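In the numbering used here, each residue carries its 1-based index in the sequence shown increased by 71.
So the structure is just underneath, and the comments pick up after that.
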Amino acid sequence: MTVAEPRIAIVGAGPAGIYAADILLGRVPNASIDLFEKLPAPYGLVRYGVAPDHPRIRKITDALHEVLVNPRIRLRCNVEIGVDVGIGELRAAYDGVIVATGADLDVALDIPGIDLPGSFGAADFVAWYDGHPDVSRTWPLTAESVAVLGAGNVALDVTRILATHASALSHTDTPDAVLDQLAASPLRDVHLFARRGPTDVRFSAMELRELAEQDDVDVIVDPEELALDEHAERMVAQFSQRRIIVRTLTEWAALDPASRTASRRIHLHLRQRPVRLLGSDAVTGIEMERTASDELGRMVGTGHLLRYDVGAVYRAVGYRSTPVPGMPFDGDLGVVTHVEGRVVDAEGAPIPRLYATGWIKRGPVGLIGSTKSDAAQTIGHLVDDLDALEREARDDDPIAHLTHAVDFDGWLRIDAAERSAGADRGRERTKLVEREEMLMHAKHEQMMEAGR
Ligand SMILES: Cc1cc2nc3c(=O)[nH]c(=O)nc-3n(C[C@H](O)[C@H](O)[C@H](O)COP(=O)(O)OP(=O)(O)OC[C@H]3O[C@@H](n4cnc5c(N)ncnc54)[C@H](O)[C@@H]3O)c2cc1C
Ligand SMILES: NC(=O)c1ccc[n+]([C@@H]2O[C@H](COP(=O)([O-])OP(=O)(O)OC[C@H]3O[C@@H](n4cnc5c(N)ncnc54)[C@H](OP(=O)(O)O)[C@@H]3O)[C@@H](O)[C@H]2O)c1
72 MTVAEPRIAI
82 VGAGPAGIYA
92 ADILLGRVPN
102 ASIDLFEKLP
112 APYGLVRYGV
122 APDHPRIRKI
132 TDALHEVLVN
142 PRIRLRCNVE
152 IGVDVGIGEL
162 RAAYDGVIVA
172 TGADLDVALD
182 IPGIDLPGSF
192 GAADFVAWYD
202 GHPDVSRTWP
212 LTAESVAVLG
222 AGNVALDVTR
232 ILATHASALS
242 HTDTPDAVLD
252 QLAASPLRDV
262 HLFARRGPTD
272 VRFSAMELRE
282 LAEQDDVDVI
292 VDPEELALDE
302 HAERMVAQFS
312 QRRIIVRTLT
322 EWAALDPASR
332 TASRRIHLHL
342 RQRPVRLLGS
352 DAVTGIEMER
362 TASDELGRMV
372 GTGHLLRYDV
382 GAVYRAVGYR
392 STPVPGMPFD
402 GDLGVVTHVE
412 GRVVDAEGAP
422 IPRLYATGWI
432 KRGPVGLIGS
442 TKSDAAQTIG
452 HLVDDLDALE
462 REARDDDPIA
472 HLTHAVDFDG
482 WLRIDAAERS
492 AGADRGRERT
502 KLVEREEMLM
512 HAKHEQMMEA
522 GR
């Protein structure tokens with residue numbers, strides 16, 4: 072028996088999948104990797120989640136590109152696992168299958184009125200402004216006053232993009248149609264609601280400060296909502312990030328109202344949780360309840376209700392993953408069932424050759440960098456298992472039939488088309504958004520060859 076080079080499939084070309092490929096090749100240099108991605112472009116949420124006004128973070132794609140250049144990795148975009156190829160087929164054809172499909176949906180918020188027109192999920196809005204190929208090209212930016220629910224970094228992204236004047240994004244890769252619609256938005260007020268106090272928000276201090284760094288946008292904080300209870304005092308004393316957040320909010324709360332002359336305002340409300348959306352045919356307002364912390368720092372309702380007139384509500388209360396057909400999925404936790412990245416069945420037994428990494432493994436929390444350590448754990452187990460696996464040389468090519476796939480060169484052609492469209496406008500790139508247009512660029516050379 073000849074022992075073959077290990078053949079590994081990775082599903083999802085977001086940071087988790089790409090870092091997993093890189094770490095695997097560091098540990099097993101003769102491995103060959105097929106990396107499948109359902110979109111015509113790689114990079115996952117780095118391309119379709121990170122806000123366009125965060126170019127430094129977007130630049131992480133340069134490092135991810137360097138990984139993809141490795142000839143031992145065959146990128147196959149425009150291939151959806153579970154639709155075009157089944158997980159079972161991959162397991163039969165590869166020595167290991169790593170699922171890194173991330174999270175792309177909004178967590179539900181089960182309150183009355185949430186299904187009214189004018190109620191939106193952050194994940195959908197983000198996908199729209201970041202030019203995701205599979206979402207609507209138009210967004211109803213008709214409200215003068217909107218509410219954003221949630222106190223994580225996604226809530227801040229959504230708040231900032233809603234409040235930003237479109238001209239401030241004109242140098243970014245934002246699609247033209249998005250810029251045009253943002254420019255026509257009549258928005259004046261964004262009400263951002265955190266359900267806990269200032270030391271229990273999830274967003275980071277740096278992202279918070281950015282809210283006030285935009286031209287012609289004021290941030291307004293009610294000093295009364297900043298009062299620190301015993302629990303908050305303890306948090307401030309212990310954690311520097313908490314101190315910075317409280318200091319920032321305190322500075323904003325102390326600003327002279329006469330200095331607030333901007334045409335757009337962000338009202339940052341603390342200790343208020345959503346009760347219901349108001350309106351019969353569409354959102355006309357939101358009812359909130361004031362909260363407090365009990366002696367253990369737990370949030371409790373006070374029964375004090377407040378109403379705000381808003382024409383739209385964006386919930387940024389977390390992401391959730393889409394299950395991949397053929398993969399065991401824990402619906403409560405919203406992740407693949409696994410033990411340290413080894414996918415397990417209902418009895419907890421590892422399913423041979425099946426692994427997970429990234430947000431589909433860990434849940435939708437953590438920065439891009441944390442997908443690296445995550446991948447290292449999963450790859451550690453995969454490498455141990457490979458050593459024990461009996462492998463035979465195979466001369467079939469499991470991806471030969473995927474003629475609709477966009478390979479690395481195809482992606483480079485899309486990339487070149489975006490850079491060229493951007494250069495015409497003095498930017499680094501302008502994103503292509505239509506799937507067909509992306510595929511047309513990807514396949515251009517092949518079509519030319521076929522026509523010769
Ligand atoms: C709005 C938003 C903004 C963020 N901004 C930042 C930031 O500024 N800085 C930071 O450090 N972190 C940020 N993050 C967090 C960061 O994006 C995540 O930590 C990271 O993207 C998770 O990586 P992943 O590879 O697990 O998932 P993803 O990035 O979601 O990648 C998963 C990939 O799998 C593909 N896929 C899914 N299903 C299939 C299938 N069936 N077949 C084939 N392919 C499939 C998807 O298309 C996607 O490309 C942000 C997150 C969000 C939601
Ligand atoms: N610039 C960046 O670095 C950046 C940008 C975007 C995202 N990210 C990262 O991506 C990850 C996901 O971010 P995220 O913002 O989606 O998630 P998150 O950090 O988990 O925040 C979710 C927020 O929703 C709130 N929430 C949940 N259920 C609620 C309810 N029923 N009513 C009101 N509020 C509710 C939570 O409040 P409680 O805390 O009270 O539960 C929390 O404030 C995070 O790790 C984040 O740091 C980073």
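Where is the CB? At the ideal position from N, CA and C, for every residue including glycine.
Please read all numbers here as calculations on a predicted model, not as lab measurements.
Between L376 and G184, is the Cβ-Cβ spacing less than 7 Å?
no
CB contact flag (R336, D260, <7 Å)
yes
Meets three-Cβ-pair contact criterion under 8 Å: the segment 120-131 and the segment 426-434
no
Give me whichever residues DSSP pairs with Q343 in a beta bridge.
R361
Check A80 in the structure and name its three-state DSSP category.
strand
Assign L240 to one of two classes, buried (16 or more other C-beta atoms within 10 Å of its C-beta) or exposed (fewer than that).
buried
Based on the DSSP output, what are the partners of Y426 in its beta bridges?
I169 and R413
Tell me whether T449 counts as near ligand 1, meaning its Cβ is closer than 6 Å to at least one heavy atom of that ligand.
no
Can you give, in chain order, each stretch of the alpha helix (DSSP H) that sits fully within the segment 141-165 and has at least 4 residues?
158-164
Among residues of its own chain, excluding the 5 on either side of I422, which ones have a beta-carbon nearer than 6 Å to its beta-carbon?
V414 and D416
Applying the criterion that 16 or more other CB atoms from any shown protein chain within 10 Å of the CB defines a buried residue, is Q544 buried or exposed?
Nothing can be reported for residue 544: it is not among the residues displayed for the chain, which extend from 72 to 523.
Could you give the residue range of the beta strand (DSSP E) that holds I104?
S103 to E108
Rounded C-beta distance between T408 and P399? I'm assuming under 8 Å.
5 Å
Does at least one heavy atom of ligand 1 sit under 6 Å from the Cβ of F196?
no
Out of curiosity, what's the CA-to-CA distance linking R462 and A387?
46 Å
Cutoff 6 Å; reference E108; Cβ partners in own chain excluding five residues on either side:
A84 and C148
Leaving out five residues on either side along the sequence, give the residues of the same chain with a beta carbon under 6 Å from the beta carbon of A226.
V219 and A387
Using only CA atoms, which one of D352, P246, A324 and E76 lies nearest to G202?
P246
Can you check which of these residues, A254, R145, Y165 and R266, is closest to L453 by C-alpha distance?
Y165
Beta carbon of V381, beta carbon of G356: below 7 Å?
yes
Where does D455 sit, in a helix, a strand or coil, going by DSSP?
helix
Using 8 Å as the Cβ pair cut-off and three pairs as the minimum, do the segment 362-374 and the segment 329-346 touch?
yes
Enumerate in chain order the residues of its own chain whose CB-to-CB distance from A476 is below 6 Å, with the five nearest sequence positions on each side excluded.
R147, N149 and V150
Bridge partner(s) assigned by DSSP for L376
E360
Taking the straight line between their C-alpha atoms, what separation do you get for G189 and S491?
36 Å
Quick one: what's got a C-beta closer than 7 Å to H302's C-beta in the same chain, skipping five residues either side?
S364 and G368
Can you tell me whether R433 is helix, strand or coil according to DSSP?
helix
Looking at the strands, I want to know which residues DSSP matches up with G368.
Note: G368 sits in no beta bridge, so no partner.
Spatial distance of K502 from H262 (CA atoms)
30 Å
Within the same chain, show all residues whose beta-carbon is closer than 6 Å to that of T442, passing over the 5 residues directly before and after it, in chain order.
P86, A87, Y90 and G429
Would you say the beta carbon of A222 comes nearer than 6 Å to a heavy atom of ligand 2?
yes
Helix, strand or coil at T73 [DSSP, three-state]:
Confidence in T73 is poor, its pLDDT being 43 and thus under 50, which makes the residue's placement too unreliable to answer from.
Work out the CA separation of A237 and L139 for me, nearest whole Å.
33 Å
Leaving out five residues before and five after L457 in sequence, what residues of the same chain have Cβ atoms less than 8 Å from its Cβ?
P77, V99, D166 and G167
Quick one: residues in its chain with C-beta nearer than 8 Å to the C-beta of M359, no 5 flanking neighbours on either side, listed in chain order?
F264, H340, Q343, R344, P345, V346, L376, L377, R378 and Y379
Buried or exposed (CB count within 10 angstroms, at least 16 for buried), A234
buried
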